[in-house]
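Using my numbering, you'd call the opening residue of the sequence shown number 1084 and step up by one each time.
Notes for the one structure printed next.
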Amino acid sequence: MSLPSLRSTSRLPIETLELVLEHVSRNDLVPVLTTSSVIHKVAARVLYRTNLSVAAKQATLLVGTLAQNDLYPPFVRQIKLDWSENILTANFLRLLNRTLKRLKHLSLLSLEFSSHDNMSNMAWFLEGCTFSLNTFMTSMRCEPLLVRFLETQNSIVEVCLRGFNPACTLPLPPHALPRLAHFRTVLSSPCVTADFVRDRPIESVSMSLCPRDAGISLDAILLSSRPVKRLTVMSFDVEQPAALVNEIATRLPGLEALHAVVLMTHYSLELLVEMAPSLSQFRALKYLTFMAPGAQTSVDDEKRVVTLWHKACPTLKTIILPKGIVWGHVNGGWEFWQDVV
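Structure (structure tokens):
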């Protein structure tokens, strides 16, 4: 079978060409750009409106291309740039500012910088941007210039702060981020967490719990204007997991999903059994993940644990234990994930 000629292909409706090119991989789409002027424009739209997630060298080239080319910027909707292994110059940040100001239709922005750059007040490169984000993720510190930028983003639904934020440098104004529903932070102090959660419709939180601050961090979640339904915690505390689950259940009995990663306490079968009474305080919990280092348990041991946990919390539907096996409640019993599907 002979392939269609370039002339016959160019006669296809633009919408048809676009649908075809949406099934082409990113790597294969690049040479398509050189086919013809018509196909170039369609392929560019498909290429640049997808999730642009690139590492350092490619990210630098991408920023330069978007700063100089007038065709591509209107297509960009999502962009993830990673310079975690590089130190950026002020001149490059000015170029980045020029590029971001051209991305009028951007909805997702993820910026990863090195630990060196994260220590400086570098959010000035976001000044003058007119896009309206739904999702914002960054390793930058939550410093005054970043807070000012967030004040301009009324459509943001999800924020992820991956950087180290030991204290509040500038409170987030009450009117900022009115639609924020999902807040994730890796190393932020309880006051930063409280600042983002307070009086906002937060339904999902992901956070770290540090020694002596665990209770205060959990209290910060209660400041949401809506009941929190999903919680992910990474605990660095040495307290027993049963105590941690009890602290969470006491504050958030209406949780629907809880994912806990405990790093400082080794688990055992006895420890997992001891967690059951704490689970009885949850009245709507459906999904539970508990991960921790420790001795290996058998599949039979895990089935005993999930059965015991379900007896304490009958609303549970899915459980993942340290072995990584997904357990599902089907037809009145607990089965492996592979048996469920």
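Quick reminder that beta carbons are idealized off the backbone N, C-alpha and C, glycines included.
Model, not experiment: these values are computed from the prediction.
Residue nearest to PRO1272 in terms of C-alpha spacing, selected from VAL1103, GLY1246, HIS1258, GLU1286
Contrary to the premise, residue 1272 reads as Ser rather than Pro in this sequence. For the residues VAL1103, GLY1246, HIS1258, GLU1286, the minimum Cα distance to SER1272 belongs to GLY1246.
Whole angstroms is fine: what's the gap from HIS1265's alpha carbon to GLU1234's?
17 Å
Would you be able to state if there are at least three C-beta pairs under 8 Å between the segment 1321 to 1333 and the segment 1359 to 1373?
Verdict: yes, contact present.
GLN1236, buried or exposed, once every other Cβ within 10 Å from all chains shown has been counted against 16
buried
Given this structure, state the Cα-to-Cα distance separating MET1084 from ALA1173, to the nearest angstrom.
Any reading at MET1084 must be qualified, since the residue scores a pLDDT of 38, below 50, and its modelled position is unreliable; no value is offered.
Let's see if you can read the secondary structure: which residues bound the alpha helix (DSSP H) around GLU1101?
1097 to 1104
Have a look at the DSSP bridge pairing and note the partners of SER1193.
LYS1163, MET1220
Chain-order list of residues whose beta-carbon lies under 7 Å from that of ARG1309 (same chain, five-residue window excluded):
PRO1284, ILE1285, GLU1286
Please return the same chain residues whose Cβ sits closer than 7 Å to the Cβ of ALA1206, not counting the five positions on each side in sequence.
MET1223, GLU1226, LEU1228, LEU1229, PHE1232, listed in sequence order.
Reduced DSSP category for PRO1294 - H, G, I as helix; E, B as strand; rest coil
coil
For GLU1105, is the classification buried or exposed, using 16 other Cβ atoms within 10 angstroms of its Cβ as the cut-off for buried?
exposed
Return no unless some Cβ of chain D is closer than 9 Å to the Cβ of VAL1121.
Within the model displayed, chain D is absent; a lone protein chain is all it includes.
Would you grab the beta carbon distance between ILE1239 and ARG1267 for me? Rounded to a whole angstrom, and I think it's under 8 Å.
Not confirmed; about 13 Å, so no contact.
From SER1203, LEU1186, ASN1204, pick the residue whose C-alpha is nearest to that of SER1215; which is it?
LEU1186
Going by C-alpha distance, which of ILE1299, ARG1387, ALA1395, TRP1417 is nearest THR1401?
TRP1417
What ranges does the beta strand (DSSP E) occupy inside the segment 1286 to 1356, keeping only unbroken runs of at least 3 residues that lie completely in it?
The segment 1286 to 1356 contains these whole beta strand (DSSP E) runs: 1287 to 1292, 1313 to 1318, 1340 to 1345.
For THR1348, is the classification buried or exposed, using 16 other Cβ atoms within 10 angstroms of its Cβ as the cut-off for buried?
buried
Would ALA1343 pass as a contact of VAL1316 if the rule is Cβ separation under 9 Å?
yes
Using 10 angstroms around the beta-carbon of SER1120, count the other beta-carbons present and answer buried if the total reaches 16, otherwise exposed.
exposed
Apart from the five residues just before and just after PHE1319, which ones in its own chain have a Cβ nearer than 8 Å to its Cβ?
Closer than 8 Å at Cβ, skipping near neighbours: SER1291, LEU1292, CYS1293, PRO1294, LEU1346, MET1347.
For a test of the three-state rule: what should DSSP assign to SER1215, helix, strand or coil?
coil
Could you give the distance in angstroms between the alpha-carbon of VAL1115 and the alpha-carbon of VAL1275?
47 Å
Does the Cβ-Cβ distance between SER1307 and ASP1282 come in under 9 Å?
yes
State the CB to CB distance for the pair GLY1377 and PRO1405, rounded to an integer number of angstroms; the pair is presumed to be in contact (CB under 8 Å).
7 Å
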